Amino acid sequence: MAKTYDFPSDLLAGQEELHQVRAELSALLKRLPWSVAPLDGFSDDNGWRKVERPASPGWTPDEQAEVEKLRQREHELAVFVTTHRFWTEVETPDRVDARTELKHASRK
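Residues in the sequence shown are numbered consecutively from 15, following this note's numbering.
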C-alpha cells in the first residue's frame with residue numbers, strides 16, 4: 015500500500031501556485047507569435063518533416079516583460095517546493111513517491 019504524506023500547508027500552496035503559474039505561462043506562450051524578434055516567415059521541407067512559420071511581428075516589450083515575470087516566478091516556486099524543509103523528513107527512497115503525490119495533491 016502506498017504511503018500518504020502530511021504535507022505542510024505552505025508547501026501545498028507553493029505547489030498549487032506553481033501549477034497556476036505554469037498554466038498561465040503556457041497559455042501566454044501559445045498566444046504569442048512564434049518568434050520573440052520580428053522575423054520573416056519560412057518553409058522548410060528538407061528535413062524529416064515539413065516546417066512552416068508565418069512572418070512573426072515579434073513580442074512587444076510588455077509581452078516580453080510578462081513572460082519574464084512568469085518565468086521568474088516559476089523558478090522561485092520550483093526552488094521553494096524542491097528545497098522545502100519537509101523533504102528532509104521524508105526517507106530518501108520515498109521522496110519520488112512523495113513528490114509525485116504532492117504534484118497531484120491539489121488536483122484531487
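Just so you know, even glycine gets a beta-carbon here, dropped at the ideal spot from N, CA and C. No experiment lies behind these values; they were computed from the predicted model shown.
Would DSSP call residue i helix, strand or coil?
| i | result |
| --- | --- |
| V95 | helix |
| R63 | coil |
| S23 | helix |
By the 10 Å Cβ neighbour count, where 16 or more other Cβ atoms means buried, how is residue i classified, buried or exposed?
| i | result |
| --- | --- |
| G61 | exposed |
| L42 | exposed |
| Q29 | buried |
| V110 | exposed |
Using C-beta distances below 7 Å, list every residue in its chain close to residue i, excluding the 5 sequence neighbours before and after it, in chain order.
| i | result |
| --- | --- |
| S49 | S70, G72 |
| W101 | R109 |
Under the criterion of a Cβ to heavy atom distance below 6 Å, does residue i qualify as lining the ligand GTP?
| i | result |
| --- | --- |
| S23 | The ligand GTP is not part of this structure, which contains no ligands at all. |
Quick one: measure Cβ to Cβ for residue i and residue j, integer angstroms, because I've assumed they're closer than 8 Å.
| i | j | result |
| --- | --- | --- |
| L39 | R85 | 7 Å |
Touch check for the region 24-40 and the region 85-104: three-plus C-beta pairs under 8 Å?
-> Verdict: yes, contact present.
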